[in-house]
Amino acid sequence: MSTPPIYDVSIWEEIRTSVERKIDRLVDSIKNEISTDRSLAEFQGKQPVPWQLREIMQQRGNGWVQRVYDLCCDAYKIGGKTPSDDFDRAVWAYRIEPFIMDWKESEILSYKGSGLLQLLLCAVGSPPEKRNLLKVSQKECCLAVRLKLWETWRAKLLHLPPRNNEAVAIGRFNAMERRAARIVRGFPTDDPSLSPSKPAHLLAQPEDSVPPAPFNSDPKRLPSAIEATIDVERKTDTQTPPLHIDPSLKKTVQVSKAPSPISPVGGSGTIHEPKPTEVISDLPVDYPRNLVARTFVVIGEAVRKFPVQTQTLELCKYVISELTPHFREALQNKVFRQDQALSRMHVLLHYLLVHNCDEWRRPEIRKGVLKSDEWLALAREIAREIDSDAPVKAGSIQKAQGAPELGGQKTATWDTIEISFISEERVQIRNGTTIETRNYTEFGFEDSRSGKPNLAWKTFLALAAEGGLLRNAAQTGQRWLEVERRIQEIRKVLRKHFFISADPIPYVEGTGYRALFKIDKRPSFDT
């Protein structure tokens, strides 16, 4: 069995004091560089985050980590020592990994931390002063880049073998067979392809030119027969006496002109083991806190049940099935609203896919999840909860919201409601003394095909920009017939959300559509 890596803390203690001061200054310097980075600025502010911005962030992030590593190397060399594999492992354990993973996802909005994630958030266009406007796609982009950099530098500094180690071993095994055949036939054995080469220090050369790690660095990844062959190969030729064949025993071999026999179908291509399933390190920021512990337990059980990433679809279906009764209970306890339940599950599944699925496969697996019996069962439970609670829902929700009481029953009217757009994707709702915020998905304005705001949301935003009055189609950039359709959709959403049957946006002859509730855009909307 392979021995676990040793992280020599004494190496880090030699350079800690010098390095920590320099890294603090380095982080401040990088923040200034980000604010003037024209390549980043060109793609910031677009939703969803463009792939070009993600690529730039990944390259910038790799350079930032390299600069931290270089500071550690310089401090070590001042003491007259040369960085080694032990040095790399110690620096990874005690400085590089903490720098990359210093923040938990749940602390993103708390402005803590001064490591890589803070820099990535600034790079994506969300510095601390604008962190309260952080978009979901921006957060997910930063977390994905951070994970990629963590994997890259972990492999570098721990000197992990490349994934295609098996293919290299098979190639060497085939070379050994050719060598044996040459010996039997009396030919010279000096095959240059069999000469082992000693790899240089991993970080002393470009990444593309890094030689494969020694075969005995991870014995579990090689078949025992191939390992034995490689061990034999490592011995020098002088250990095996040359094979002499008596000339009298040699026979002339007749060469046939017949075609060669058909080779058996097969190949010696690269063999890839499936990636192990990963446990997500954190949950979405707005995930119900009282479901966090149970969710981590379910995910932990799912990872054991489905240990490789080729089983990601089954993993997701298992998580849905196990969490369905807990989501129903959360609905009954008013932890979140019915229109939020499926969106919360959507975001959780996205986190699972990001950690356990290549990006190009995610749409296919997501479709498989939405077509599954488990997803249908979750939707039915949520619908059953809505149906069973329908007769008393208006009173119960208004009681929770603290609406004014009339005639012994809690009710609400449109003139008690205020809606303010605080960004292009989020509104603040005031209903009496209760204040809450909702994004377009939670409010019911999501386009199910693209996941983006639908046309009704854009008309709703135009209504807010005009202070609640739409006089003509030019205010929305649509034809009047389309405006009428969008207003109908807005009415449906508002009635469902507030449980008020009266028309919230009646048409006033000679004036236009006028909202009976207060609606506007906050001054912070354009900042």
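Under this note's numbering, the residue at position 81 of the sequence shown is numbered 726, and the numbers go up by one with no gaps.
Beta carbons: idealized from backbone N, C-alpha and C, even for Gly.
Inset, instruction - Please state if the CB of Y721 and the CB of I651 are separated by a distance shorter than 7 Å. - result: No, the Cβ-Cβ distance between I651 and Y721 is not below 7 Å.
Inset, instruction - Could you check what DSSP says for L1115 in three-state terms: helix, strand or coil? - result: L1115: strand per DSSP, three-state reduction.
Inset, instruction - Could you work out which residue in V713, L765 and P743 is closest to K676 when comparing CA atoms only? - result: Minimum Cα distance to K676 is reached at L765.
Legend entry - Boundaries of the alpha helix (DSSP H) in which Q977 is found, first to last residue: For Q977, the enclosing alpha helix (DSSP H) has its first and last residue at T957 to Q977.
Inset, instruction - Quickly, what does DSSP pair S1065 with across the bridge? List them, please. - result: Q1073 and D1165, per the DSSP bridge assignment.
Legend entry - Under 7 Å between C-beta atoms of H971 and L936: Yes; because the gap between Cβ atoms is below 7 Å, this pair is in contact.
Inset, instruction - With a 10 Å radius around its C-beta and 16 neighbouring C-beta atoms as the bar for buried, classify G690 as buried or exposed. - result: Flag for G690 reads exposed.
Legend entry - Host beta strand (DSSP E) of I1080 (start-end): Run containing I1080: T1079 to N1084, per the beta strand (DSSP E) assignment.
Legend entry - Helix, strand or coil at G1013 [DSSP, three-state]: Residue state, collapsed to three classes: helix.
Legend entry - Of the listed residues L778, E1009, A975 and V664, nearest to I1027 (C-alpha basis): If you compare the alpha carbons of L778, E1009, A975 and V664 with that of I1027, the shortest gap goes to A975.
Inset, instruction - In the DSSP assignment, find the unbroken alpha helix (DSSP H) run with G945 in it and report its ends. - result: It spans V937 to K950 - the alpha helix (DSSP H) in which G945 sits, taken as one unbroken run.
Legend entry - Segment contact flag, the segment 702–717 with the segment 775–785, C-beta cutoff 8 Å, min 3 pairs: No, because fewer than three Cβ pairs between the segment 702–717 and the segment 775–785 fall closer than 8 Å, the two stretches do not touch.
Legend entry - Buried versus exposed, by CB contacts within 10 Å (16 or more), Y1152: With fewer than 16 other CB atoms across the displayed protein chains lying within 10 angstroms of its CB, Y1152 is exposed.
Inset, instruction - Could you spell out where the beta strand (DSSP E) holding R740 opens and where it closes? - result: Per DSSP, R740 lies in no beta strand (DSSP E) segment and is marked neither H nor E.
Inset, instruction - Classify Y714 as helix, strand or coil using the three-state DSSP reduction. - result: Helix.
Legend entry - I1074 vs I1064 beta-carbon contact at 7 Å: Their beta carbons are under 7 Å apart, which means I1074 touches I1064 by this criterion.
Inset, instruction - Could you spell out where the beta strand (DSSP E) holding Y1158 opens and where it closes? - result: Element bounds for Y1158: G1157 to R1159.
Inset, instruction - Tell me whether Q763 is buried or exposed, calling it buried when 16 or more other Cβ atoms sit within 10 Å of its Cβ. - result: Burial state of Q763 is buried, judged by a 10 Å Cβ sphere holding 16 or more other Cβ atoms.
Inset, instruction - Taking A1109 as part of the alpha helix (DSSP H), name the residues at either end of that continuous run. - result: From DSSP, the alpha helix (DSSP H) with A1109 extends over L1100 to A1110.
Inset, instruction - Provide the residue span of the alpha helix (DSSP H) that contains R1136, from first to last. - result: Boundaries of the alpha helix (DSSP H) around R1136: W1125 to F1143.
Legend entry - Whether N1001 touches E923 by CB criterion (7 Å): Yes, Cβ-Cβ distance for N1001 and E923 is below 7 Å.
Inset, instruction - Give every residue of the same chain whose Cβ lies closer than 6 Å to the Cβ of Y739, excluding the five residues on either side of it in the sequence, and list them in chain order. - result: Answer for Y739: W657, listed in chain order.
Legend entry - Exposed unless 16 or more other CB atoms sit within 10 angstroms - verdict on R989: It counts as buried.
Inset, instruction - Return the CA-CA distance between E1087 and Y963, expressed in angstroms with no decimal places. - result: Answer to the nearest angstrom: the Cα atoms are 25 Å apart.
Legend entry - Three-way DSSP call (helix, strand, coil) for Y652 in this model: Three-state DSSP puts Y652 in coil, outside helix and strand.
Legend entry - Euclidean distance between Cα positions of V1128 and E1154: Answer to the nearest angstrom: the Cα atoms are 16 Å apart.
Legend entry - Reference G1077; option with closest CA among N707, R699, S966 and W1059: When each option's Cα is compared against that of G1077, the closest is W1059.
Legend entry - Cβ neighbour criterion (16 or more within 10 Å) applied to T969: When all chains shown are included, T969 counts as buried.
Legend entry - Inter-residue Cα distance where the pair is A735 and T957: So the alpha carbons of these two residues sit roughly 34 Å apart.
Inset, instruction - Can you give me the start and stop residues for the alpha helix (DSSP H) that C1002 sits inside? - result: Note, C1002: premise wrong, no alpha helix (DSSP H); not H, not E.
Legend entry - For A986, the three-state DSSP class (helix, strand or coil): Correct three-state label for A986: helix.
Inset, instruction - Taking 7 Å as the cut-off, decide whether the C-beta atoms of I1150 and A1109 are in contact. - result: No, the pair does not count as a contact, with Cβ atoms beyond the cut-off.
Inset, instruction - Using the Cα positions of D1018 and I1010, report the straight-line distance between them to the nearest angstrom. - result: Using only the alpha carbons, I get a separation of about 14 Å.
Inset, instruction - State the CB to CB distance for the pair K667 and L716, rounded to an integer number of angstroms; the pair is presumed to be in contact (CB under 8 Å). - result: Contact flag correct, Cβ pair sits at about 5 Å.
Inset, instruction - Please classify E1091: does DSSP put it in a helix, a strand, or coil? - result: If DSSP states are grouped into helix, strand and coil, E1091 belongs with the strands.
Legend entry - Same chain only: Cβ atoms within 8 Å of L1161, ignoring 5 sequence neighbours per side: Here the set comprises W1059, D1060, A1147, D1148, P1149, I1150 and P1151.
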